[in-house]
Amino acid sequence: MTVIERPPLMNRLKPWLSGFDIPMLLAILWLCAWGLLCMYSAGYDHGTRFVDHARNMALGLGLMYIVSRVPPQTLMAMAVPLYTLGIALLIATALFGVTKKGATRWLSIGITQIQPSELLKLATPLMLAWWFQKREGLLRWPDFVAAFALLLLPFFLIAKQPDLGTSLLVLAAGLYVIFFAGLPWKLIVPAVVLAAAGVVALVASEDAICQPDVTWPLLKPYQKTRVCTLLDPTKDPLGKGFHIIQGEIAIGSGGLTGKGFMQGTQTHLEFIPERTTDFIFAAFGEEFGFMGALALLAGFTALILRGLAIAADAPTLFARLMAGAVTLSFFTYVFVNMGMVSGILPVVGVPLPFVSYGGTAMVTLGLSLGLLLSIARVKKIVKT
């Protein structure tokens, strides 16, 4: 009688986990745990939010795993088709899209509705990285002009919907690629100085430009209101400033260690608006306090630093540009979400990765992290 010994579990899992970047994976799992814990507290009395969030997270992790097994060369070959499809869907949305609350951001495809702008968060930097890879060693100023044209096309199409938050995220992701491709500092420094001067001028002239009869060019009235509310939320504490004020109260009331899991009064008495989506960090800060926020920030910091390390060691220009852009885009999400909840940035619809509820955002996050892990995996193969 022949006895066949079953190999240990770890030996059976090795083929499935081979090539995974362990530090990156640990940071992701750390953030997933915090995200599930926070969503259970903030959303347990909010329908099926926790169950749906866990499902979305599982879907995102599944897509992350699938994309991580795809070589970067294959992903690069998908750049032009994905970008072209995304632009076509944005045009279709402008012509035939579904309008909700004054914004035409959704496109009906029969069984469901999609938001094409989410695809461009990844397709735009992918396209730009492909462009610079093709021009490697031959870069001149017309190549940067063409890159800006490729970036501004989706930016303006999304901003016209209007969706300023998503358009700025797409713009940031593209600018990261162009920066890492070697954009001259003589162009970067004047732009930064001009932006800083604009912010100072905005704050200094707040009383004059925020009057009801003053119209801001290029911006919708609600976008003007968001900026003016940021400058002084106490002018309308029960209206437009309510979000910012309640978020600050919740975070401040958490103190050093927080009120405790599921003990947040601002959260569960429903003073915090959008407590499971855009303002979930306020609910998190109230219940877990400063120490909990540090633990969450430690996970974000570890993931960002590891992503930049992967970008620095990437074997090709395309891989370096994509890894750097994905990592800094992740940083942008975290910074903008925490900044708007804390009252230092205008309120825009930007989720906190792993923590905020949102299926589309979780899918985009999974695809982005899968690309990072794919680049890290190839790097390990090249070294061996």
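Convert by adding 1356 to the 1-based position in the sequence shown; the result is the number in our numbering. Heads up, the beta-carbon is just placed ideally off N, CA and C, and yes, glycines get one too. Remember, it's a predicted structure, so these values are computed and weren't measured experimentally.
Whether residue i touches residue j by CB criterion (7 Å)
i, j, result
"Pro1472", "Thr1449", "yes"
"Ala1529", "Ser1685", "yes"
"Gly1307", "Ala1383", "Only positions 1357 to 1740 of the chain appear in the structure, and residue 1307 is not among them; the question remains open."
"Cys1388", "Phe1710", "yes"
"Met1380", "Phe1674", "no"
"Arg1461", "Tyr1713", "no"
"Glu1474", "Thr1716", "yes"
"Leu1729", "Val1682", "no"
"Ile1514", "Ser1523", "yes"
"Ala1503", "Leu1484", "yes"
"Ala1537", "Phe1598", "no"
"Pro1518", "Val1734", "no"
"Val1545", "Pro1702", "no"
Given residue i as reference, the closest of the options once Cα atoms are compared
i, options, result
"Ala1435", "Ile1447, Trp1486, Ser1424, Leu1463", "Trp1486"
"Pro1481", "Leu1507, Arg1491, Glu1474", "Leu1507"
"Ile1600", "Val1533, Thr1581, Ala1552, Arg1496", "Thr1581"
"Phe1635", "Val1682, Ala1479, Gly1695", "Gly1695"
"Pro1510", "Tyr1439, Leu1558, His1402, Ala1398", "Tyr1439"
"Lys1615", "Gly1554, Ser1397, Trp1386", "Ser1397"
"Thr1633", "Ala1681, Pro1707, Ile1700", "Pro1707"
"Leu1441", "Val1407, Lys1477, Ile1660, Met1413", "Lys1477"
"Arg1411", "Leu1525, Gln1619, Leu1725, Met1718", "Met1718"
"Gly1399", "Gly1620, Thr1657, Leu1650", "Gly1620"
"Leu1725", "Asp1401, His1402, Val1407, Arg1425", "Arg1425"
"Lys1490", "Phe1376, His1402, Thr1672, Leu1650", "Thr1672"
"Gly1610", "Pro1593, Lys1591, Phe1640, Ile1447", "Phe1640"
Anticipated Cβ contact below 8 Å, residue i with residue j, distance rounded
i, j, result
"Ile1731", "Ala1679", "5 Å"
"Leu1612", "Phe1646", "5 Å"
"Val1697", "Ala1638", "5 Å"
"Gly1699", "Gly1603", "7 Å"
"Leu1550", "Trp1390", "That belief does not hold up - the Cβ atoms of Leu1550 and Trp1390 are roughly 38 Å apart, past 8 Å."
"Phe1500", "Leu1539", "6 Å"
Burial state of residue i, where buried means 16 or more other Cβ atoms lie within 10 Å
i, result
"Gln1622", "buried"
"Val1359", "Confidence is the limiting factor: at Val1359 the pLDDT is only 49, short of 50, which leaves the residue's position unreliable and the question unanswerable from this model."
"Pro1577", "exposed"
"Thr1468", "exposed"
"Leu1543", "exposed"
"Lys1457", "exposed"
"Tyr1689", "buried"
"Ile1607", "buried"
"Glu1642", "buried"
"Thr1571", "exposed"
"Phe1617", "exposed"
"Leu1385", "exposed"
"Thr1585", "buried"
"Arg1631", "buried"
"Ala1670", "buried"
"Thr1430", "exposed"
"Leu1525", "buried"
"Val1692", "buried"
"Met1357", "Bear in mind that a pLDDT of 48 at Met1357, under 50, signals an unreliable position, so the number given afterwards is only what the model happens to contain. By the neighbour-count rule (16 or more Cβ atoms within 10 Å), Met1357 is not buried but exposed."
"Gly1554", "exposed"
Contact set for residue i: own chain, Cβ-Cβ below 8 Å, skip 5 residues either direction
i, result
"Gly1722", "Leu1415, Gly1416, Leu1417, Gly1418, Leu1419, Met1420, Val1423"
"Pro1445", "At residue 1445 the sequence reads Leu, which differs from the Pro that was named. Answer for Leu1445: Leu1463, Ile1470, Pro1472, Leu1475, listed in chain order."
"Ala1564", "Val1570"
"Pro1629", "Phe1598, His1599, Gln1602, Phe1635"
"Ala1459", "Gln1517, Pro1518, Asp1519"
Close Cβ partners of residue i (< 7 Å) along its chain, the five nearest in sequence each way excluded
i, result
"Leu1520", "Gln1579, Val1704"
"Phe1687", "Ile1660"
"Phe1627", "Gln1602"
"Ala1667", "Arg1676, Ala1679, Gly1680, Thr1683"
Neighbourhood of residue i by C-beta, 6 Å cutoff - its chain only, sequence neighbours within 5 removed
i, result
"Thr1740", "Residue placement at Thr1740 is flagged as unreliable, the pLDDT there being 49, under the threshold of 50; the coordinate-derived value follows with that caveat. Closer than 6 Å at Cβ, skipping near neighbours: no residue."
"Leu1587", "Glu1562"
"Cys1566", "Cys1584"
Cutoff 7 Å: residue i Cβ touching any chain B Cβ
i, result
"Gly1663", "This model lacks chain B altogether; it includes just one protein chain."
Distance cut-off 6 Å: residue i Cβ against heavy atoms of the ligand MG
i, result
"Leu1507", "Inclusion of the ligand MG in the displayed structure is not the case, the ligand content being empty and no account of it being possible."
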